[in-house]
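Worksheet: the structure to be examined is printed underneath.
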Amino acid sequence: MEWNQIPGYDQLDEDQIERLSLVYARHMDTLDDPAAYAKENILEIKRNQEQHSLALYFKNGDVINYTPEGEWFKSV
Numbered sequence: 564m565e566w567n568q569i570p571g572y573d574q575l576d577e578d579q580i581e582r583l584s585l586v587y588a589r590h591m592d593t594l595d596d597p598a599a600y601a602k603e604n605i606l607e608i609k610r611n612q613e614q615h616s617l618a619l620y621f622k623n624g625d626v627i628n629y630t631p632e633g634e635w636f637k638s639v
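In terms of our numbering, the sequence shown opens at residue 564 and continues consecutively.
In structure tokens:
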């Protein structure tokens, strides 16, 4: 699956697209079960204005936020 097939991707600017690609790759390298967080399992990408992050919504119910600093955190 390509990024542009995921709802919300088309709403991102160039900086956000670059951040998404870089942080996603780093995030995937740290996971014990990366298949659960594969692009195919992303339902939507939203800009989280309050947190200044990109929120990725996954099929398993997790919401992972990617920050401008290159970090990520799970929403609770």
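Note that CB positions come from ideal geometry on N, CA and C, so glycine has one too.
To the nearest angstrom, report how far apart residue i and residue j are at their CA atoms.
i      : j      : result
Lys609 : Gly624 : 15 Å
Met564 : Glu603 : 6 Å
Gln614 : Glu634 : 12 Å
Phe636 : Glu581 : 18 Å
Ser638 : Val626 : 5 Å
Trp566 : Asp596 : 20 Å
Hey, residue i and residue j: beta-carbon distance below 8 Å or not?
i      : j      : result
Tyr620 : Ile605 : yes
Leu594 : Tyr600 : yes
Figure out for me which residue from the options has the closest Cα to the Cα of residue i.
i      : options                        : result
Leu583 : Phe636, Ser638, Lys637, Pro631 : Pro631
Ile569 : Ser638, Trp635, Ala618         : Ala618
Asp573 : Tyr600, Val586, Glu607         : Glu607
Gln579 : Asp596, Ala598, Ser616         : Ser616
Would you kindly report the start and end of the unbroken beta strand (DSSP E) that includes residue i?
i      : result
Ile569 : Element bounds for Ile569: n/a, residue is neither H nor E.
Tyr629 : 626 to 629
Tyr620 : 616 to 621
Glu607 : 605 to 611
Assuming residue i is part of the alpha helix (DSSP H), what are its boundary residues?
i      : result
Ala588 : 577 to 593
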